[in-house]
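Numbering (the numbering used here), first residue to last: 32 to 402.
Here it is, written out as structure tokens:
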């Protein structure tokens, strides 16, 4: 245990562990919220810029969307895996995180750049930003979205990754998605692009672009809640794609499900050529994840059919109920109790998974139960 911060009723801890495999072992560093893993990093500097979990790499792949990304925002920090990656690849990324303890530990133990805009300058739009790589704001994400609406939409990309041992369902409602689309994301337009790194120009190939929302959800991909999230996104955005971080196992384990949603087609352009013969930080993990081989899975009885092509990590949804039913769309006023069983099953599984990753002595040291 490297450091522990008690914040309200939660205990945030930075711990190290070693994972053994055929031929060797590797040291890892994790950020825990009680008994949930909310982020991690390889200890070896040679690998520290790689995503420790495939779900993070799928979110990092947003850097390779086939449109210019002038600025991004992420709600939910973790250890900073995704915003740090985007910043290192030329995309200034603002971060909104509800926990000051998470920001502190991410900065001190995981190399996250925590830049705070001085209060007087927050209202000034004429001065150069004191945080050229992106600012950090400690605030509830939903409160921030409602109380800090910019004069005009200013982000090409908004990432929502707020899992801290449980899923925050209000982030998945149509009201939140409409708010992001109308007030925060740059609108649909035509852009002329010479290459994936360049901004709009008057020459080159014309493509239709629009801001993109990336939403990470941890859970079972055949559950009613996943279907409701997909339906809700489709009620706001014309184009929705979803990627599962790993192949479906026979046990039906929950996983990171990463949704990409936009008013324009969501496609990627992974860099190739001599520039990438010596791949930059994080490139391999993103490339291998976004084009990974996943076996098709067709369960016999599910709430919503989930199809996976053997040559793609993307999920396809085949609703077993009428999609025109407005009740399928998540509303702010909805009774989320209908999803309680699904949410609790995920929480229990992820807690047990976390406990199993570390020796009992660690939990004793942290003063947390193992049963």
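Just so it is clear, CB atoms sit at the ideal spot from N, CA and C, and this is done for glycine as well.
Practice item. Take every Cβ of the segment 33-52, pair it with every Cβ of the segment 89-96, and state whether three or more of those distances are shorter than 8 Å. Key: no
Point to revise | Local Cβ density within 10 Å of residue 371, reported as buried at 16 or more and exposed below that | key: exposed
Practice item. Note down the Cα distance separating residue 422 from residue 207, rounded to an integer number of angstroms. Key: With the chain represented from 32 up to 402, any question about residue 422 goes unanswered, as that position is not in the structure.
Review point. Which two residues bound the contiguous alpha helix (DSSP H) that contains residue 119?
Key: 112-119
**Study point:** Rounded separation between residue 380 and residue 159 - CA only
**Key:** 47 Å
**Study point:** residue 265 - DSSP class collapsed to helix/strand/coil
**Key:** helix
Point to revise | Minimum C-alpha distance to residue 98 - residue among 253, 240, 264 and 283 | key: 240
**Study point:** Backbone CA spacing between residue 48 and residue 58 [nearest angstrom]
**Key:** 6 Å
Point to revise | Close Cβ partners of residue 195 (< 6 Å) along its chain, the five nearest in sequence each way excluded | key: 64 and 69
Point to revise | Same chain, Cβ closer than 6 Å to residue 297, five either side skipped, listed in chain order | key: 270, 272 and 291
Review point. Hey, out of 129, 105 and 149, whose CA is closest to residue 188's CA?
Key: 105
Check your understanding: What number of angstroms, rounded off, separates the C-alpha of residue 128 from the C-alpha of residue 170?
Key -> 6 Å
Point to revise | Counted within 10 angstroms of its Cβ, other Cβ atoms place residue 204 as buried (16 or more) or exposed | key: buried
Check your understanding: Is DSSP giving residue 167 helix, strand or coil here?
Key -> strand
Practice item. Please say whether residue 360 and residue 266 have beta carbons closer to each other than 8 Å? Key: yes
Review point. CA-CA distance, residue 62 and residue 385?
Key: 11 Å
Point to revise | Segment limits, alpha helix (DSSP H) that includes residue 205 | key: 205-210
**Study point:** Three-state secondary structure (DSSP) of residue 96
**Key:** strand
Review point. Are residue 276 and residue 86 touching if we call contact CB-CB under 8 Å?
Key: yes
Check your understanding: What are the boundary residues of the beta strand (DSSP E) that includes residue 58?
Key -> 55-64
Practice item. Assign residue 167 to one of two classes, buried (16 or more other C-beta atoms within 10 Å of its C-beta) or exposed (fewer than that). Key: buried
Point to revise | Buried or exposed by the 16-neighbour rule on C-beta atoms within 10 Å, applied to residue 326 | key: Bear in mind that the predicted position of residue 326 carries a pLDDT of just 24, short of 50, making it unreliable; the figure below should be weighed with that in mind. Per the 10 Å Cβ criterion, exposed.
Review point. Would DSSP call residue 257 helix, strand or coil?
Key: helix
Review point. When we look at the beta-carbon of residue 110 and count the other beta-carbons within 10 Å, is it buried (16 or more) or exposed?
Key: buried
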